[in-house]
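Student: Residues 279 to 771, numbered by the working numbering, are exactly what the first sequence covers, in order. Pasting in a structure now, in structure tokens, and then I'll have a few things to ask.
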Amino acid sequence: MASQISPHVRVRFAPSPTGYLHVGGARTALYNYLFAKKNKGEFILRIEDTDEARSTEESLRGVVDDLVWLNLLWAEGVNPQTLQDVGPHGPYRQSQRQGIYKEVAEKLLGEGKAYYCFLTDEELEKQREEAKLAGRPPQVNSPYQDWPLQKALEHIQVGNKGVVRFKTKGLAKDYIFTDLVRGEVRFPSDMVGDFVLLRSDGMPVYNFCCVVDDHLMKITHVLRAEEHLPNTLRQMMIYEAMNWEIPQFGHMALILDEDRQKLSKRKGAVACGQLKEEGYLASAILNFIVLLGWSHPEGTEIMTVEDMIQAFDVSRLNPAGAIFDRVKFKWMNAMHLRALPHAEIWKLIQPFLQREKMELPQDPAWQERSVAAFKTSMETLVDAIELYKPLNDKSYVILPEAEETLKWDPTRAVLTTWRDLVAKHPTDYLTEEEFLKIQDEVKNSTGAKGKNLFMPIRVAVIGKPHGTELKILVPLIAKNSLIARAEQALAAI
RNA sequence: GUUCCCAUCGUCUAGGGGCCUAGGACACCUCCCUUUCACGGAGGAUACAGGGGUUCAAAUCCCCUUGGGAACGCCA
């Protein structure tokens, strides 16, 4: 297991642009990124867009934007703005590397390690069903596997189309490798049938381009999700056939949903972009997912990417799957949020407040005070909306939960006195001390105390009897606004 | 079905033969702080899937069982 790390580490994250970046992909990217940084190597972004039907430019744009937002930047791949190739081993989009794959396929074909297969979909389907009935694995048994290349070429010449399959016949042995996270893994060669290398339209298939590219791009370590573990056998066969050096593999456990199933785009919908919309910070996402399958040697939980790089080690990667727990994730986001400077938090909540068309004071001192007052009540950035609403005159409404308080005997007197005292105040805003003083005066002149005192005032300030401390809230609301609200509350009695 | 992978509190995990009466974190419960709700602080409850070995000693090593997951495509 303690395989030495080659002098120059090169790793890659290879998404297929067929959807958005989800947390599973983000974690794979993160681990690769951390591994590269830790070992002073290179992190490469390769685009696996050989599925022409499903790959889209928008999706690529989205995945790239999400990676940039997460600050997982690559040394080679596509330029984040232009999406044009950057780096010495390009192109980095597989759809643009077809000539390369074709060359390799031809070599394999020429050496009899691959063959053209002309089985139709129907024939394939029939074979699969028969195998299933017989209790055999559903592998192809192609009658074309022993055709001489020349004969196949002539067959194509006259208009037939075929796929190129890798020939597994004669490979009867176990393929063994040492997985960076699982230790020794052993596959019997008959676990797979003759698999497709090139489709009938000439487009290569994942397992093939993955090997070709990893080799040509000098990838030293392949850290990927566990779902790829069985693919490793096919890939090892190709490496062997080409006589290429096999990189180190590490298969990381899957991120699971609440039902312990692989997080899927259909069900989980844990897209990074969506989490951003929900008010999560990039730093919190990274921190949370890094802990899904890895742990800091000192047990540290809240950390920066810099901390992760310092401490990262594949030997601490956990082979068991992990459930994505949104509750802990939210807590972690709150911790990251609180650690930020107030001005930064203010900046981050702007898109959310603007979405609600809130009009808040422009004064930076006011903004700073407001963040200081609210940040411990914020778990995600969207929480700012409910927190700031009371400060926005337009959204002052008396809520049903305030009705009872308004019915209390002392309420009218408390509110009247409160309004009058505020009206007499000389400046636009009350300080905390000034508020407490006024509250005290209301108490003395009305005789109301305890909740009979502060609940009515709170209703007159935020429209409901529970919420943020008044001494924090009141200094954030202009005097005229306080008076208007008190009037409104009085009118509702 | 076949092959492969996995298995410690509800969840994320520490642990890698004796330091384990199993540690931490989230969540939960209790108390304190608080003229509300939070924040914060102090406590608490909760786990080695089961069975066999190996060993003076097993959460830790081996085997079996069970349970879970993944893969078996002209998807990646």
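Where is the CB? At the ideal position from N, CA and C, for every residue including glycine. This one's a predicted model, so the numbers in the text were calculated from it and none came from an experiment.
Please report the distance separating the alpha-carbon of Leu350 from that of Ile497.
Tutor: About 18 Å.
Student: Cutting at 6 Å between CB atoms, please list the residues of its own chain near Ile236, excluding the five before and the five after it.
Tutor: Given that the chain is displayed from residue 279 to residue 771, the structure contains no residue 236 and the question cannot be resolved.
Student: Please go through the same chain and pick out, in chain order, the residues whose beta-carbon is closer than 6 Å to the beta-carbon of Lys721, but skip the five residues on each side of it.
Tutor: Cβ neighbours of Lys721 beyond the five flanking positions: Lys727, Leu731.
Student: Restricting to runs no shorter than 4 residues, where is the alpha helix (DSSP H) found entirely within the segment 562-611?
Tutor: Whole alpha helix (DSSP H) segments, 4+ residues: 583-589.
Student: Would you say Arg375 and Pro369 are within 7 Å of each other, going by their C-beta atoms?
Tutor: Cβ atoms of Arg375 and Pro369: closer than 7 Å.
Student: When the Cα atoms are used, what is the spatial distance from Glu576 to Glu504?
Tutor: If you take the alpha carbons of Glu576 and Glu504, they lie about 26 Å apart.
Student: Runs of 3 residues minimum, wholly inside the segment 412-477: which ones carry the beta strand (DSSP E) assignment?
Tutor: Within the segment 412-477, the complete beta strand (DSSP E) runs of at least 3 residues are 441-444, 452-457, 461-466, 474-476.
Student: Starting from Ile627, trace the alpha helix (DSSP H) both ways and give me its first and last residue.
Tutor: 620-633 is the extent of the alpha helix (DSSP H) around Ile627.
Student: Are the beta-carbon atoms of Pro743 and Ala680 separated by less than 7 Å?
Tutor: Cβ atoms of Pro743 and Ala680: closer than 7 Å.
Student: Verify whether the separation of the beta carbon atoms of Val301 and Val660 is less than 7 Å.
Tutor: No, these two residues do not count as a Cβ contact at 7 Å.
Student: Would you mind reading off the limits of the beta strand (DSSP E) that contains His499?
Tutor: Segment 499-503, the beta strand (DSSP E) holding His499.
Student: For the 8 Å Cβ check, are there 3 or more pairs between the segment 636-654 and the segment 595-607?
Tutor: No, the segment 636-654 does not touch the segment 595-607.
Student: Under a Cβ-count criterion, where at least 16 other Cβ atoms within 10 Å of its own Cβ denotes burial, should Ser281 be classed as buried or exposed?
Tutor: With a pLDDT of only 44 at Ser281, under the threshold of 50, the placement of this residue in the model should not be trusted; the figure read from the coordinates follows. When all chains shown are included, Ser281 counts as exposed.
Student: Taking all protein chains shown into account, decide if Asn317 is buried (16 or more other Cβ within 10 angstroms of its Cβ) or exposed.
Tutor: Per the 10 Å Cβ criterion, buried.
Student: Quick one: what's got a C-beta closer than 7 Å to Pro416's C-beta in the same chain, skipping five residues either side?
Tutor: Excluding positions up to five away in sequence, the list reads Arg406, Ala409, Lys410.
Student: Among the residues of its own chain, which have a CB less than 6 Å from the CB of Gln645, if the five just before and after it don't count?
Tutor: Hits under 6 Å: Trp624.
Student: State buried or exposed for Val289, treating a residue as buried only when at least 16 other CB atoms are found within 10 Å of its CB.
Tutor: Buried is the call here.
Student: Short of 7 Å in beta carbon distance, which residues of its chain neighbour Asn419, apart from the five on each side in sequence? Order them along the chain.
Tutor: Hits under 7 Å: Gln405.
Student: Which runs of the beta strand (DSSP E), 3 residues or longer, sit entirely within the segment 649-692?
Tutor: The qualifying runs do not exist here; there are none.
Student: Using only the alpha-carbon positions, how far apart do Val605 and Thr724 sit?
Tutor: Val605 and Thr724: Cα-Cα distance of roughly 45 Å.
Student: Between the Cα of Leu534 and the Cα atoms of Gly440, Lys757, Phe602, Asp698, which residue gives the shortest distance?
Tutor: The option with the nearest alpha carbon to Leu534 is Phe602.
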